[in-house]
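Numbering-wise (our numbering), the sequence shown opens with residue 155 and increments by one.
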Amino acid sequence: MIIVNVPVDESDAMRDAIGKAGGGKLGNYSFCSFSVSGIGRSLPNMNANPTIGVPGHLEMIDEERIEVSCDEADAREIVRVIRKTSTYEEPAVFVYPLIDVG
């Protein structure tokens with residue numbers, strides 16, 4: 155499973171990019187995902203180059219958390235596409251292995 159947090163106004167583009175890279179495959183379905191909205195918070199240090207906000211100031215952003223399953227063979231490419239598509243300097247991407255319980 156791959157999870158990424160993105161600004162709400164970028165969520166459709168991110169879901170599309172992830173789906174085109176092979177994310178969200180479930181049997182005979184593709185582009186499957188689950189999303190939840192929330193508030194992302196970050197405090198960029200003085201060495202950061204944030205695309206939203208300024209260094210030294212706590213930023214709160216309306217975000218969407220996108221969760222997709224994927225084949226292990228596609229995981230690296232999906233993460234690469236997420237990093238390329240994201241406007242964040244350092245996108246929050248989480249990869250979790252799943253257990254097939256049959």
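For every residue, glycine included, the Cβ atom is placed at its ideal position computed from N, Cα and C.
By alpha-carbon positions, which one of the options ends up nearest to residue i?
| i | options | result |
| --- | --- | --- |
| Leu180 | Lys238, Val222, Val233 and Val249 | Val222 |
| Glu243 | Phe185, Pro204 and Met214 | Pro204 |
| Glu213 | Arg169, Gly192 and Ser196 | Ser196 |
| Arg169 | Phe248, Val235, Ile253 and Leu252 | Val235 |
| Ser191 | Tyr250, Val208, Leu252 and Val158 | Val158 |
| Ile253 | Glu226, Cys186 and Val233 | Glu226 |
| Val162 | Ser184, Ser240, Gly256 and Val233 | Ser240 |
| Gly194 | Val160, Tyr183, Ala229 and Ala202 | Val160 |
| Arg171 | Pro251, Gly256, Val255 and Asp228 | Note on identity: in this sequence residue 171 is Ala, with Arg being the wrong assignment. Among Pro251, Gly256, Val255 and Asp228, the Cα nearest to that of Ala171 belongs to Asp228. |
Identify every residue that forms a DSSP beta bridge with residue i.
| i | result |
| --- | --- |
| Asn159 | Arg219 |
| Gly109 | The question about residue 109 has no answer, for the chain in this structure spans 155 to 256. |
| Leu180 | Tyr183 |
| Val233 | For Val233, which the question treats as bridged, DSSP gives no partner whatsoever. |
| Val249 | Ile156 |
Near residue i, which residues of its chain fall below 7 angstroms by C-beta distance, leaving aside the five closest residues on each side in sequence?
| i | result |
| --- | --- |
| Ser165 | Ser189, Glu218 and Ile220 |
| Pro245 | Val158, Ile236 and Arg237 |
| Gly173 | Ser184 and Phe185 |
If you drop the 5 nearest sequence neighbours on each side, which residues of the same chain put their C-beta closer than 8 angstroms to that of residue i?
| i | result |
| --- | --- |
| Glu231 | Ala175 and Gly176 |
| Val233 | Ile156, Val247 and Val249 |
| Asn199 | Pro209 and Gly210 |
Got a sec? Which residues, its chain only, sit under 6 angstroms from residue i by beta carbon, not counting five neighbours each side?
| i | result |
| --- | --- |
| Ser264 | Since the first and last residues shown for the chain are 155 and 256, residue 264 lies out of range. |
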